[in-house]
Amino acid sequence: MQKNIRRALISVFYKDKIAPLAEYLNKEGVEILSTGGTRSFLENLGIAVTPVESITGYPSILDGRVKTLHPAIFGGILNRTGNEQDDSEIREHGIPEIDLVMVDLYPFAETLSKTDDEAQLIEKIDIGGVSLIRAGAKNFRDKLIIADTGDCAKVLSELQSGSCSSSLEFRQRMAARAFEVTAAYDDQIAAYFNRHRDKTLRYGENPHQKAVFRGNLEQLFVQLNGKELSYNNLLDIDAAINLMEDYLDYPGATVAILKHNNACGLACSDSNFDAYKKALEADPVSAFGGIIISDQRIDRELAEEMNSLFFEILLAPGFDEEALEILKGKKNRIILQTKALELPEKQVRSVLNGLLVQDRDVHITLTDGFSCVTERNPDPREIDDLFFANILVKHTKSNAIVLAKGKQLLASGTGQTSRVDALEQAIQKARKFGFDLEGAVMASDAFFPFPDCVEIADKVGIRSVIQPGGSINDQKSIDYCNAHDMTMVLTGHRHFRH
Numbered sequence: 031m032q033k034n035i036r037r038a039l040i041s042v043f044y045k046d047k048i049a050p051l052a053e054y055l056n057k058e059g060v061e062i063l064s065t066g067g068t069r070s071f072l073e074n075l076g077i078a079v080t081p082v083e084s085i086t087g088y089p090s091i092l093d094g095r096v097k098t099l100h101p102a103i104f105g106g107i108l109n110r111t112g113n114e115q116d117d118s119e120i121r122e123h124g125i126p127e128i129d130l131v132m133v134d135l136y137p138f139a140e141t142l143s144k145t146d147d148e149a150q151l152i153e154k155i156d157i158g159g160v161s162l163i164r165a166g167a168k169n170f171r172d173k174l175i176i177a178d179t180g181d182c183a184k185v186l187s188e189l190q191s192g193s194c195s196s197s198l199e200f201r202q203r204m205a206a207r208a209f210e211v212t213a214a215y216d217d218q219i220a221a222y223f224n225r226h227r228d229k230t231l232r233y234g235e236n237p238h239q240k241a242v243f244r245g246n247l248e249q250l251f252v253q254l255n256g257k258e259l260s261y262n263n264l265l266d267i268d269a270a271i272n273l274m275e276d277y278l279d280y281p282g283a284t285v286a287i288l289k290h291n292n293a294c295g296l297a298c299s300d301s302n303f304d305a306y307k308k309a310l311e312a313d314p315v316s317a318f319g320g321i322i323i324s325d326q327r328i329d330r331e332l333a334e335e336m337n338s339l340f341f342e343i344l345l346a347p348g349f350d351e352e353a354l355e356i357l358k359g360k361k362n363r364i365i366l367q368t369k370a371l372e373l374p375e376k377q378v379r380s381v382l383n384g385l386l387v388q389d390r391d392v393h394i395t396l397t398d399g400f401s402c403v404t405e406r407n408p409d410p411r412e413i414d415d416l417f418f419a420n421i422l423v424k425h426t427k428s429n430a431i432v433l434a435k436g437k438q439l440l441a442s443g444t445g446q447t448s449r450v451d452a453l454e455q456a457i458q459k460a461r462k463f464g465f466d467l468e469g470a471v472m473a474s475d476a477f478f479p480f481p482d483c484v485e486i487a488d489k490v491g492i493r494s495v496i497q498p499g500g501s502i503n504d505q506k507s508i509d510y511c512n513a514h515d516m517t518m519v520l521t522g523h524r525h526f527r528h
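Given below as structure tokens:
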């Protein structure tokens, strides 16, 4: 649906890119409304301008804080063409329709980069501009909004190709762009006002990088001992809490040891002590300097056992008094008492010049959701281990393979560029620490593109496999399993982690 431009409102801070579009509008007979500096700029170009004050009947007041905030302006932007009530009311009140709105925003971020003077910064918080942009964007079916003067060239091209009119598709794209502009602007201002709530960290991922944490850690845990949390500590804590969240309903006690966001040890057992011992067995080398998390209260016996290991952080829902006294013996050791919490439903990650937002991966395939595709079905012990391993592989960097037996992580292959490499890494690591892989299970975060992984697994004694399935070569892997008395279950859910 094409919309002709007959009247435009132009009021901008940055004027260097607006001349060609303004001159085109003037040449096409479009009436241009403007204010202050923009009005002077356009008039110096020889363009006739109608002052906004002549429409509103009010001058710019409060040192320029109020110029366009008036029903005579917003009524002309928000009126819906063809709506009988809207048409009647703007005629009754003599409100002129405005078809194009070109407004940018005061340079808040730029000012902040030059000064910390609060009075100056406050004056750079735009009110009327944001309101005009949102009004024009909301009414995109009838109005064309330009919220960034950098877009003037493409708007000019659109109008020239449409005899001073724009398409609905183009107006909708410009509305989306407008909301992006105001959202980013509001984020800048919110960050400024929240600056005192930001937790400045010692440094970022590396010592030469500055970092802050923006959030409320007190909702998550109470720090009982140790130095201030670092950027990398928080990444590991996040990985640990998300991992343990998926084992909370698992019977017995669960202990995990993590390094660089991946579990190097994990076990479930009837006792917290035994779970820790088994988790440590998986990789006592990587556990050095790592982070430990338990879903059970820490008692004196376990604290004494843990105290012989150098680790950075311990998270648990509670600590016996004697246990805490032992663990506090190392003053820099971070001890966190976790609270019951609900993790955010969304994950946000900065990418290029924007953000990626996705649902958190909360899916867990229960055992009754397993689909056995081989002639041999997994026995009860294998089912328990497959479930255990499939949860862990979900929290392991892709490409990922997890080997487990007796609800104990034997080894994992993490962050490899091929699935075969991940498996071979896991096998090598399991052998390094003396594990017998006969009867172990293998979990994969994504499908096997070829049967090579099940062949390699078979040769080291792995008898049961869990994977999402979905490869065009699934049947080749299934056929191999059938020929070698292996069992394979499919979940139908991939768990990439990058």
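My numbering puts the first residue of the sequence shown at 31, with every later residue one more than the last. Glycine included, every Cβ here is placed at the ideal spot set by N, Cα and C.
Query                                                                                                                    : Result
With 16 other Cβ atoms within 10 Å as the buried cut-off, status of residue 497                                          : buried
Buried/exposed call for residue 106, threshold 16 Cβ in 10 Å                                                             : buried
Through-space distance from residue 424 to residue 398, alpha-carbon basis                                               : 18 Å
Nonlocal neighbours in the same chain, by C-beta distance under 7 Å from residue 142, ignoring five residues either side : 151, 222
Residues bridged to residue 299 (per DSSP)                                                                               : 283
Helix, strand or coil at residue 262 according to DSSP, with G and I counted as helix                                    : helix
Among 304, 456, 135, nearest to residue 218 - alpha-carbon criterion                                                     : 135
N-terminal and C-terminal residue of the beta strand (DSSP E) that residue 497 is part of                                : 494-497
3-residue-minimum beta strand (DSSP E) runs that sit fully inside the region 394-458, ordered along the chain            : 431-434, 439-443
Residue 220 versus 206, 244, 410, residue with shortest Cα-Cα distance                                                   : 244
Where residue 179 falls: helix, strand or coil (DSSP)                                                                    : helix
The region 456-465 contacting the region 498-514, beta-carbon criterion three pairs below 8 Å                            : no
Residue 305 vs residue 293 beta-carbon contact at 8 Å                                                                    : no
Nonlocal neighbours in the same chain, by C-beta distance under 7 Å from residue 374, ignoring five residues either side : 390
Buried or exposed (CB count within 10 angstroms, at least 16 for buried), residue 378                                    : exposed
Cα-Cα separation between residue 367 and residue 38, rounded to whole angstroms                                          : 60 Å
Host beta strand (DSSP E) of residue 144 (start-end)                                                                     : From DSSP, residue 144 is part of no beta strand (DSSP E) but of the alpha helix (DSSP H) over 138-144.
Residue 541 burial status per 10 Å Cβ neighbour count (16 or more: buried)                                               : In the structure as shown, the chain starts at 31 and stops at 528, and residue 541 therefore has no counterpart that could be examined.
Residue environment, residue 504, which counts as buried when at least 16 other CB atoms sit within 10 Å                 : buried
At least 3 beta-carbon pairs within less than 8 Å: the region 256-274 vs the region 227-247                              : yes
Residue span of the beta strand (DSSP E) that contains residue 327, given as start and end                               : That residue, residue 327, is in no beta strand (DSSP E); it is neither H nor E in DSSP.
Euclidean distance between Cα positions of residue 70 and residue 203                                                    : 30 Å
Cβ neighbours of residue 52 in the same chain (closer than 8 Å, five flanking residues each side left out)               : 40, 62, 72, 75, 77
Sequence-distant residues of its chain with Cβ nearer than 8 Å to residue 318 (five each side left out)                  : 339, 340, 341
Endpoints, beta strand (DSSP E) assigned at residue 518                                                                  : 517-520
CA-to-CA distance, residue 252 to residue 491, given in whole angstroms                                                  : 45 Å
Residue 85: first and last residue of the uninterrupted alpha helix (DSSP H) it sits in                                  : 82-86
Residues that residue 32 bridges to, as DSSP identifies them                                                             : Answer is none; residue 32 lacks a bridge partner.
Complete beta strand (DSSP E) runs within the region 353-398 (minimum length 3 residues, chain order)                    : 364-368, 376-381, 384-389
Burial state of residue 502 (16 or more Cβ within 10 Å)                                                                  : exposed
For residue 430 and residue 526, the rounded distance between their alpha carbons                                        : 8 Å
Whether residue 311 touches residue 463 by CB criterion (8 Å)                                                            : yes
Rounded straight-line distance, which links the Cα of residue 213 to that of residue 190                                 : 30 Å
Inter-residue Cα distance where the pair is residue 48 and residue 66                                                    : 15 Å
Rounded distance between the beta-carbons of residue 322 and residue 287, thought under 8 Å                              : 5 Å
Minimum C-alpha distance to residue 324 - residue among 246, 216, 149, 308                                               : 308
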